[in-house]
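Everything in the sequence shown is counted per the numbering used here, starting at 1034 for the first residue and increasing by one. Notes for the one structure printed next.
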Amino acid sequence: MKNVDYIIVGDGYAAFFFAHQLILHQKSFVLFSASKKGASQVSAGIVNPLVLKKFTTFWLAAEQIEFLNKTVAEIETYTGENYLIQERIHRIFHDESEKNLWSMKTETEELKPFLNPDFETLETIINPFGTGKVNHSARVDVNGFFSGISAYMEVHEMLIREKFDYSKIKGSMYEDFNFKNIVFCEGMGVRANPFFADIQVIANKGHHLKVKLSEKMNHQYTLKKKHFLFPLKDDVYYYGGTYDPNERENEIDDFKTEELKEGLSAFYPHDFEVLEVNYGFRPTVKDRRPILGNLPEHQNYYIFNGLGARGILNGCYFSKELYEHIENGQDLMKEVDLKRFNK
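Printed below as a string of structure tokens:
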């Protein structure tokens, strides 16, 4: 029998950022990973403090950006890599009115830190009204993040590459492990969890493309018009992703693929080749807040879910909130507390 402080169940940002908190605080744990490529692993990894459709920010944006930078630096101390790529988002304006709206909002106290007042016109793409740069934006090297932390956990025997079997959990025991707490970070997989099956997560399906561009970009930016375009390697780019709350099928949607191709063609007037089409199901919540908390009947069974389209920022920031709640009795924010559904 092996005693551990925690068992973590999950493959995505919630699981890995919470694992980081345990590594940071020298807690013993094992993480069960079914090695699935879920929404986190196929995500763009965009770190964006704005809602670029309306040029507004969102709840705790500045705090989350600051905490992510701190966390990435902490992760670098044991993986040897910094997975934050400092490439700013450039929003391509649709028309002059959007550009003017951007200018107006740069004067507001809330948005001044994020909206750069200076505009740029970029080569290679169609942008007659120019682009606006989003300060403090970046993106995460998604593959590097998951493979780097996985490698560290494997070396230290923290990673178990097998599917968690709910039938084998008996109180605070699972197979040969005796645990103090268990944290379920399963995304849409929570629907199969007998303890949290009633959690109201909504599947938001998102598609993206990997494309080979015929005309190379002369800049290292993340471009945003309808969707995001940014470089990977060897002239291969990521373009996506869609938001399809009504799509549930576990297959590629040809209509969404065409939508993406049309979206890219709208500002990239050159040939491109679609190399891959991928999709994932983001776990979203009606009130657009994550879900953290435990069960009354199982006080040491916790959930960390509902990160939505901002999986990196939500996963990073609220991993610390959950850790402090479990270890130090800190109250959860009412906006994310599981108990908010018990009204």
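C-beta: ideal position from N, C-alpha, C; glycine also.
Quick check: what's the CA-CA separation for residue i versus residue j?
i	j	result
glutamate 1208	asparagine 1226	17 Å
glutamate 1142	phenylalanine 1152	19 Å
isoleucine 1336	isoleucine 1041	10 Å
lysine 1132	phenylalanine 1126	6 Å
leucine 1265	histidine 1331	44 Å
glutamate 1360	serine 1298	51 Å
glutamate 1309	leucine 1242	6 Å
leucine 1144	serine 1076	26 Å
phenylalanine 1228	leucine 1325	14 Å
glycine 1362	phenylalanine 1314	32 Å
alanine 1095	glutamine 1119	16 Å
tyrosine 1272	proline 1082	19 Å
histidine 1189	isoleucine 1079	29 Å
phenylalanine 1197	cysteine 1218	12 Å
glycine 1177	methionine 1034	33 Å
aspartate 1364	lysine 1086	34 Å
glycine 1341	proline 1278	11 Å
glutamate 1368	threonine 1090	17 Å
threonine 1164	glutamate 1291	25 Å
leucine 1346	glutamine 1074	15 Å
leucine 1057	aspartate 1304	47 Å
serine 1136	histidine 1252	23 Å
serine 1130	threonine 1154	16 Å
proline 1302	histidine 1169	29 Å
isoleucine 1108	serine 1068	21 Å
arginine 1224	methionine 1250	42 Å
alanine 1230	glutamate 1282	20 Å
How about residue i and residue j: are their beta carbons less than 8 Å apart?
i	j	result
glycine 1204	alanine 1072	no
arginine 1172	lysine 1257	no
glutamate 1114	glycine 1043	no
phenylalanine 1049	phenylalanine 1179	yes
asparagine 1311	aspartate 1038	no
threonine 1104	glutamate 1248	no
valine 1216	phenylalanine 1051	yes
threonine 1317	isoleucine 1235	yes
glycine 1239	glycine 1274	yes
glycine 1339	tyrosine 1046	no
valine 1307	phenylalanine 1210	no
tyrosine 1350	phenylalanine 1147	no
leucine 1293	tyrosine 1270	no
phenylalanine 1065	glutamate 1195	yes
arginine 1121	tyrosine 1276	no
aspartate 1128	phenylalanine 1088	no
glutamine 1054	tyrosine 1334	no
phenylalanine 1263	isoleucine 1159	no
asparagine 1149	lysine 1166	yes
tyrosine 1185	threonine 1110	no
leucine 1192	serine 1183	yes
Between which two residues does the alpha helix (DSSP H) carrying residue i extend?
i	result
leucine 1057	1046-1057
glycine 1273	Glycine 1273 -> not in any alpha helix (DSSP H); beta strand (DSSP E) instead, spanning 1269-1273.
isoleucine 1359	1344-1361
Give the range of the beta strand (DSSP E) segment to which residue i is assigned.
i	result
threonine 1317	1305-1317
asparagine 1214	1210-1217
histidine 1241	1235-1246
lysine 1294	From DSSP, lysine 1294 is part of no beta strand (DSSP E) but of the alpha helix (DSSP H) over 1287-1298.
asparagine 1036	1035-1042
isoleucine 1336	1334-1338
In terms of DSSP beta bridges, what is residue i paired with?
i	result
aspartate 1370	Leu1325
valine 1175	None; valine 1175 has no bridge partner.
asparagine 1264	Before going on, a small fix: residue 1264 reads as proline here, not asparagine. According to DSSP, which records beta bridges pairwise, proline 1264 is partnered with Tyr1270.
leucine 1192	Leu1064
leucine 1256	His1123, Leu1262
leucine 1083	Thr1090
lysine 1166	His1123
methionine 1206	Lys1203, Asn1211
aspartate 1277	Lys1238
Is there at least one Cβ from chain B nearer than 8 Å to residue i's Cβ?
i	result
alanine 1230	Included in the structure is just one protein chain, with no chain B present.
Going along the chain, which unbroken runs of the beta strand (DSSP E) with 3 or more residues stay wholly within the segment 1105-1163? With a minimum length of 3 residues, the continuous beta strand (DSSP E) runs that stay inside the segment 1105-1163 are 1122-1125, 1148-1153.
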